[in-house]
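Line by line, the protein sequences are chains A and B.
In this text, residue positions in the first sequence follow our numbering: the first is -19, and each later residue adds one.
In this text, residue positions in the second sequence follow our numbering: the first is -19, and each later residue adds one.
Protein chains: 2
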Amino acid sequence: MTYTAEQKRNEAQKDYNASLALCPAGQLLEAISSKWVTLVILALVEGPQRHSNLRKTIPGASQKMLTSTLRSLERDGLISRRITVTTPIRTDYELTSRGRSLLPIVFEMKKWAEENMHDIGASRMAHDRHQLDFG
Amino acid sequence: MTYTAEQKRNEAQKDYNASLALCPAGQLLEAISSKWVTLVILALVEGPQRHSNLRKTIPGASQKMLTSTLRSLERDGLISRRITVTTPIRTDYELTSRGRSLLPIVFEMKKWAEENMHDIGASRMAHDRHQLDFG
DNA sequence: CTGTATCCTCTAAGATACTG
DNA sequence: CAGTATCTTAGAGGATACAG
């Protein structure tokens, strides 16, 4: 049985993905770059927040997404969860020191996003219009 | 017709998503945080690269994903594409100045990821083991 | 070499309802 | 209030074949 160059390349890809998955950065970038991670971290900058409070602060996230984002961050040791067994129950989320070590990056991303939002919007429109004309 | 508090909250969410989508940061974070964006940008740090070269540098990405990532970055004005009409055809991708303005952030993310990869791996294992025992 | 088009699968994520 | 479970669906992404 023979392979084309294309097929060989596909095999190489599979091997690569199976073993190292991605470059060192890649693994964590996925964890950090989830749609809501940055927003949750920013919401916790000022201090511990209750679950219900986070929902108000980040109305774009469904409860399901919020919970799963929080679980994921907890698993990675970026936030901690403290439960107070009252009725009704109460839970507070807080950045760990490792979570706080991400703050400089998160702030920079926020800053960059705010500074470039306008221009990127313009680029997109220009690009899309060009697609309409010639695409 | 009456609504429960839960339903009202869901409605509020929809409105929010429909109008502002997300906070200023959110819009762009999605663009930046795609699985391959960081890797492509890092691959272009040293200078322009051909399509085939990028495939070699980032073997984890299928051609489809690579192309669509490149298109997305081009649309946002973060990279430029120059085509040379020879046979076979040749295309080179290069960071624009706006793309280069992302480099400090990308480097910091890479650095953070490398520094914390080990500890986060440990946290995950501990967390997962706990789940097995008590979850 | 660089890309597009097709098909197909599988997961992310929303809606909803329910438990402690 | 905080969280889980279930159902369902849109879309991301892989495999493959083809085109300029």
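Glycine included, each C-beta is placed from N, C-alpha and C at the ideal position.
For clarity, every value in this text was computed on a predicted model and none was experimentally measured.
{"Item": "DSSP three-state assignment for aspartate 56 of chain B, whether helix, strand or coil", "Value": "coil"}
{"Item": "Whole-angstrom C-beta distance between glycine 79 of chain B and leucine 58 of chain B, which should lie under 8 angstroms", "Value": "4 angstroms"}
{"Item": "Chain B contact for proline 84 of chain A (CB, 9 angstroms cutoff)", "Value": "yes"}
{"Item": "Aspartate 56 of chain B versus arginine 70 of chain B: straight-line alpha-carbon distance, rounded", "Value": "22 angstroms"}
{"Item": "Alpha helix (DSSP H) segment containing leucine 82 of chain B, residue limits", "Value": "Segment: none, leucine 82 of chain B is in no alpha helix (DSSP H) and carries neither H nor E."}
{"Item": "Cut-off 8 angstroms between Cβ atoms - residues of its own chain near methionine 89 of chain B, not counting five sequence neighbours on either side", "Value": "Thr18"}
{"Item": "For threonine 66 of chain B, the three-state DSSP class (helix, strand or coil)", "Value": "coil"}
{"Item": "Positions along the segment 23 to 48 of chain A whose CB lies within less than 9 angstroms of some CB in chain B", "Value": "Arg35, Ile38, Pro39, Gly40, Ala41, Ser42, Gln43"}
{"Item": "C-beta contact flag for leucine 168 of chain B and leucine 34 of chain B at 9 angstroms", "Value": "Residue 168 of chain B lies beyond the range of chain B shown here (-19 to 115); nothing can be said about it."}
{"Item": "Endpoints, the alpha helix (DSSP H) within which alanine 23 of chain B is located", "Value": "17 to 23"}
{"Item": "Integer Cβ distance of tryptophan 16 of chain B from isoleucine 85 of chain A, believed to fall under 8 angstroms", "Value": "About 19 angstroms separates the two Cβ atoms, so there is no contact after all."}
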